[in-house]
Amino acid sequence: MSGTPAWFSLTPIAEEIMERHPGYRVEIIAGHLLVTPVPDAPHARVLSKIMVLLFRGELHRGETLVAQKIAIRLPTGPEDYAVPDLVVVDENIEDHYAENNTYHPACFRLVLEVTSENWKDDLGTKVNAYAQAGVPVYAVVDRTHRRLHLFTDPTGDQYAHHRVHTPGELVTLPDSIGAKVTLDVAAIIEAGRPRR
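For the sequence shown, my numbering begins at 15 and goes up steadily by one.
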């Protein structure tokens, strides 16, 4: 059930926020507007570290593309979309264009979020939305609690499997993303630690 009446549109409000606050990420999920401020340097370090591992796994050639900030159309409401921090998608993603610079969820193999102050959205609202969209693998680098969450096997609005990994563990991502990639949880969490 959507959080807004059918006659009300959040899209113009989202567009106005993006225009007035460049760099802010604006998403509409389950009829709610989510606004995330510009990420800090540790957030960017986490994304860079993971991207390098995905590139080494050769996920950025052939059938797949590794990218940041590609919007996924969500089935949770008529205007709903999210803009994940990092994705692994089918190389032909442009063939799956939906509208308003969003793409159909069928071409998304992995969605990854790195938490900021909005960690509750990443570990709550977005879990259900990505599961409903059928995203096979959803990963969350939880900088607040120093954990890596891995959600797999979407069924309805939930994931059948949710594993929480802590520093000291090595986590191999599911083969469904297109290659074997192992993440060192300690190194990823350390990359996200503020150094000031």
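The C-beta atom is built at its ideal place from N, Cα and C for all residues, glycine as well.
If you draw a 10 Å sphere on the C-beta of ASP189, you find fewer than 16 other C-beta atoms in it, and that means exposed. Under the three-state reduction of DSSP output, ASP94 falls in the coil class, being neither helix nor strand. According to the DSSP assignment, ASP135 belongs to the alpha helix (DSSP H) that extends over 133-136. Using a Cβ distance threshold of 8 angstroms, VAL60 and TYR38 do not count as a contacting pair. Excluding five sequence positions before and after GLN172, the CB atoms of its chain that fall closer than 6 angstroms to its own CB belong to ALA145, given in chain order. Pairing GLY91 with GLY45 gives a Cβ-Cβ distance under 8 angstroms.
Within the model, the alpha-carbon separation for GLU72 versus VAL195 is close to 9 angstroms. Between ILE202 and LEU162, the CB-CB gap stays under 8 angstroms.
TYR95 is classed as buried because its beta carbon has at least 16 other beta carbons within 10 Å across all chains shown.
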